[in-house]
Amino acid sequence: MRSKIMVALLAGLYVLSFFFRGQDEKQLLGDRVVEGVFFQGGYGMQWVFDSAAEFEHAHPDINAYVWGNPRAWDQTRPRFLAGNPPDVFWGIQNINFWVNLQDGLVAPLDSLMQTPAYGQPDKTFGETFFPGVLEPGQFDGRQYFLPIVYNISGIWYNKGMFDEHGWQVPATWDEFLALCELIKQTGNGIAPLTHQGKYPTYFGGIYLALVYKLGGKQLLNAMDTLQPGAWARPELIEAARLSQQLYERDYILSGTSSFSHTEAQMIWLQGKAAMIPCGTWLESEMINALPDGFEMRIMPVPGFVDGKGGVGAIEASSDPAFWVPTDAAHPDWGMEYLRIMLSRKLAAGFIENVGSVQPILGSTDDAEVRPATRSALDAVQAAGGETFNFRFSSWYLELDNEFDNALGALLNHDITPERFVERMEAMAERLRRDPDTLRFDSEPEQAVTTKAAL
Amino acid sequence: MKLQSDARAGWLFVLPALVFYVTFLVVPYALAFGVSFAKWRGVSLHLEFVGLGNFQRMFGDPFYWKALYNTAFFTVCTGLIVPVMALYFSVAVTRKLVVGARFFRITYFFPNLISQVAIAVLWWFALNPEFGILSNFLRLFGLADLPSWLGDPDWARRCVVAVKVWAAVGFYMVLYISAIEGIPNDYYDAAKIDGAGEMQSFRHVTFPLLSEMMKVTVVFLLLNGFGTFDLVRIMTDGGPDRATETLATYIYENAFELGKFGYATTIAMSLFIITFSLALLSLYLQRKEAVEY
Chain H
4 MRSKIMVALL
14 AGLYVLSFFF
24 RGQDEKQLLG
34 DRVVEGVFFQ
44 GGYGMQWVFD
54 SAAEFEHAHP
64 DINAYVWGNP
74 RAWDQTRPRF
84 LAGNPPDVFW
94 GIQNINFWVN
104 LQDGLVAPLD
114 SLMQTPAYGQ
124 PDKTFGETFF
134 PGVLEPGQFD
144 GRQYFLPIVY
154 NISGIWYNKG
164 MFDEHGWQVP
174 ATWDEFLALC
184 ELIKQTGNGI
194 APLTHQGKYP
204 TYFGGIYLAL
214 VYKLGGKQLL
224 NAMDTLQPGA
234 WARPELIEAA
244 RLSQQLYERD
254 YILSGTSSFS
264 HTEAQMIWLQ
274 GKAAMIPCGT
284 WLESEMINAL
294 PDGFEMRIMP
304 VPGFVDGKGG
314 VGAIEASSDP
324 AFWVPTDAAH
334 PDWGMEYLRI
344 MLSRKLAAGF
354 IENVGSVQPI
364 LGSTDDAEVR
374 PATRSALDAV
384 QAAGGETFNF
394 RFSSWYLELD
404 NEFDNALGAL
414 LNHDITPERF
424 VERMEAMAER
434 LRRDPDTLRF
444 DSEPEQAVTT
454 KAAL
Chain Y
2 MKLQSDARAG
12 WLFVLPALVF
22 YVTFLVVPYA
32 LAFGVSFAKW
42 RGVSLHLEFV
52 GLGNFQRMFG
62 DPFYWKALYN
72 TAFFTVCTGL
82 IVPVMALYFS
92 VAVTRKLVVG
102 ARFFRITYFF
112 PNLISQVAIA
122 VLWWFALNPE
132 FGILSNFLRL
142 FGLADLPSWL
152 GDPDWARRCV
162 VAVKVWAAVG
172 FYMVLYISAI
182 EGIPNDYYDA
192 AKIDGAGEMQ
202 SFRHVTFPLL
212 SEMMKVTVVF
222 LLLNGFGTFD
232 LVRIMTDGGP
242 DRATETLATY
252 IYENAFELGK
262 FGYATTIAMS
272 LFIITFSLAL
282 LSLYLQRKEA
292 VEY
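In the order they appear, the protein sequences are chains H and Y. Each residue of the first sequence is one higher than the last, beginning at 4 in this note's numbering. Each residue of the second sequence is one higher than the last, beginning at 2 in this note's numbering.
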């Protein structure tokens, strides 16, 4: 008897499941749907929903179905394997997304770049970007990926603390060292510098800036394109020596090597250290932890009067992000979505919503840029538009991983500067010999940014 | 005739479990075996047979050897430390050598109620050199110049071992306690009459009767150690400078970050061969009948 009841119950449940089941939201929207999937991270999702609304406004006959998740990449992988990907996609940054190109999954965007810009019919879409930001998403002269944000990286300082002590922002490396000494002597226990030690790549911003300022654009390009011997050049050894020196002279807060990014940034906000390397996302990342009246300002990594790179040159990059899958149901709608999402109008909304700047010309005039980011844009102006950007970290993830590891070991004094470059050159050699590694050889575009651009 | 229908009924009962086992275990393993001979980026169905290429690459990959070395280091250290500590504590608790034995029994088992991820996060905080509980505790005793724990390659390795031991001891203690409590009191009484103290009872009664259980647990620990992933992934992410990289974290890096699913599967095959051999060893050790009193 009891088993009969059980069977009846199970049968009942089965029948009910036909009526009460999850619905596929996308199918509910009908046949004419463009689907966008986006990495959900520090930027939140509002900017995505705004772009969907704008798309539907421009194309009332098409519904926009967009969603995001921190694990968007893992969640959509089975769909890519099944040949049923979304129409526009951004997975995540720190994975080797070039494998999608190698397997022929990424649609070229060259035709999109030639179409008139959304809301600015007198310009092509390609002409609306900051100079130089499109190149990192190109391969073999064709455009495959488009950037999401324009990041300026350097050393952030606590303005209130600097004003209070009368500390001056240094321009050259010698002045920087003198400042560190001054802070150490007179700062009442404030350490001159801390960094996100668990992820040495943040200090890499200082290291690579030193390399650029010593060796200039030619060296940067040789390193990015894996030219034999480039990673063992004397400028790299010198920059490694200068990096270690900061530890030897006790300018770095003790315990730094194990701090995660949020820990180090929090400690900096608490005033235990005067400076920290980071990109312009710092302000929005820490916005909820900012003490009242805290003012953060950026300075370029100080340079050398006799160096090949400008003393005040500053790192600015726009990592490749968005792409349109070849197998998508409507690749042309996906491209149209990008044209609208990366328009001047929505880029201005992005600044207001997220606080970060997208590399779209004019967008910074249309919205109020937060003071920290403003100081970064000003630093680009002050440098006469001389920005630089190492592209190996997005082109060769394995080289970037080794850079991270070897730099951590260098800062920990586990290896010498000579051994550091030896390891880097060995990894470059490994990639040169690896037939699976996609090789890039493009020169960076002249990234001189005019005042009007910012 | 009777036998045959019994067999048929048997198959019927086994079938559902067998279908699951074959679909979700045997088939994926067989596929993985195939993938380990191919170049596969894991984003499309484009697969290219490369013969022994992946294996050649693996044998020449210094990071692979480093990961293998670290994995073996963690495994051997926990395999040695955990049984000794678990034995020590379980004897102390069962032979009532400490006050509050019940309290310790529960306390030591506690980490087993928490997930590995929570344990990793907990210790990651505790080991922070600036505001972590460990450094601050040591500073109470006037110790300065403390290491940066997870920021230092040598200390990071030791810390991972320590946390693994902390998390595992309680479980093995429970196993040993039940084994010790199974030993009839007569044995101890007899030993006492013969003039044996607590040390001698342990040497001649407890330890010999526990040795079977010890062997099995050591193999368990070895199997467990080779799969080390979650603790390391969260506490150190394999760093600093790959000092705590294990085979499992290196597989993850290759598959999910670098897009080298084929190569990652090859490394996974090598891990499979190691753990499979250990499993065979455990079967071999368990072939003897258990001690009966």
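Backbone N, C-alpha and C define an ideal beta-carbon position, used for all residues, glycine too.
- If the five residues before and after H:Ser397 are omitted, its C-beta is found closer than 7 Å to the C-beta atoms of Pro139, Asp322 and Pro323, all from its own chain and listed in chain order.
- Y:Ser278 counts as exposed, since fewer than 16 other beta carbons sit within 10 angstroms of its beta carbon.
- Setting aside the 5 residues that flank it on each side, H:Lys29 is surrounded in the same chain by Val36, Glu38 and Tyr68, each with a C-beta closer than 7 Å to its C-beta; the list follows chain order.
- Below the 7 Å Cβ cutoff, chain Y contributes Arg42 as neighbours of H:Gln105, in chain order.
- Taking CB atoms only, Y:Arg243 has a neighbour in chain H less than 8 Å away.
- According to DSSP, Y:Leu48 shares a beta bridge with Y:Trp41.
- Residue nearest to Y:Val36 within the set Y:Phe262, Y:Ile274 and Y:Leu282 is Y:Phe262 (criterion: CA-CA distance).
- Membership of H:Leu196 in any alpha helix (DSSP H) is not indicated; the residue belongs instead to the beta strand (DSSP E) covering Ala194 to Leu196.
- Annotation: the continuous beta strand (DSSP E) that includes H:Pro323 extends over Pro323 to Phe325.
- Between H:Phe100 and H:Leu115, the beta carbon gap of about 18 Å keeps them out of contact (Cβ cut-off 8 Å).
- H:Met289 carries a coil assignment under DSSP once its states are collapsed to helix, strand and coil.
- Going by beta carbons, H:Tyr215 and H:Phe391 fall inside the 8 Å limit.
- Between H:Glu421 and H:Ile240, the beta carbon gap of about 6 Å places them in contact (Cβ cut-off 8 Å).
- In the DSSP assignment, H:Gln123 falls within the beta strand (DSSP E) that extends over Gln123 to Thr127.
- Out of H:Phe297, H:Gly312, H:Ala382 and H:Gln248, the CA that lies nearest to the CA of H:Gly282 is found in H:Ala382.
- Y:Leu135 is positioned such that its CB atom lies no closer than 8 Å to that of Y:Ala145.
- With a minimum length of 3 residues, the unbroken runs of beta strand (DSSP E) contained wholly in the segment 69-115 of chain H fall at 91-93.
- Listed as beta-bridge partners of Y:Ala93 by DSSP are no residues whatsoever.
- Think of a sphere of 9 Å around the beta carbon of H:Glu266: the chain Y residues whose beta carbon falls inside it are Asn129, Glu131 and Phe132, in chain order.
- H:Leu149 carries a strand assignment under DSSP once its states are collapsed to helix, strand and coil.
- The beta carbon of H:Met269 sits closer than 7 Å to those of Ala292, all from its chain and outside the five residues before and after it, given in chain order.
- For H:Pro173, the closest C-alpha among the options H:Leu364, H:Val314, H:Asp27 and H:Pro81 is that of H:Val314.
- A residue is called buried when at least 16 other Cβ atoms come within 10 angstroms of its Cβ; Y:Val162 meets this threshold and is buried.
- Across the segment 393-408 of chain H, CB contacts with chain Y closer than 7 Å involve Leu400, Glu401 and Asn408, in sequence order along the chain.
- With respect to the 8 Å criterion, Y:Gln117 and Y:Leu223 are not classified as neighbours on the basis of their beta carbons.
- Contact with chain H is found for Y:Asp153, since one of that chain's Cβ atoms lies less than 8 Å from the residue's Cβ.
- Sequence-distant partners of H:Ala375 (beyond 5 residues in either direction) whose C-beta falls short of 6 Å from its own C-beta, in its chain, are Glu286 and Met299.
- At a cut-off of 8 Å between C-beta atoms, H:Leu249 does not count as an interface residue with respect to chain Y.
- Below the 7 Å Cβ cutoff, chain Y contributes no neighbours of H:Asn161, its closest Cβ being approximately 18 Å away.
- The segment 408-425 of chain H makes no contact with the segment 438-447 of chain H: fewer than 3 CB pairs, one atom from each, lie closer than 8 Å.
- Under the three-state reduction of DSSP output, H:Ala375 falls in the helix class.
- Against chain Y, the beta carbon of H:Asn72 has no neighbour under 8 Å; the closest one sits roughly 15 Å away.
- Taking a Cβ-Cβ cut-off of 9 Å, the neighbours of Y:Phe257 in chain H comprise Trp76, Asp77 and Ile98, given in sequence order.
- In the structure shown, H:Ser156 falls within a strand segment according to DSSP collapsed to helix, strand and coil.
- Proximity of chain Y to H:Phe83 at the Cβ level (cut-off 7 Å) is accounted for by Val44 and Ser45, in chain order.
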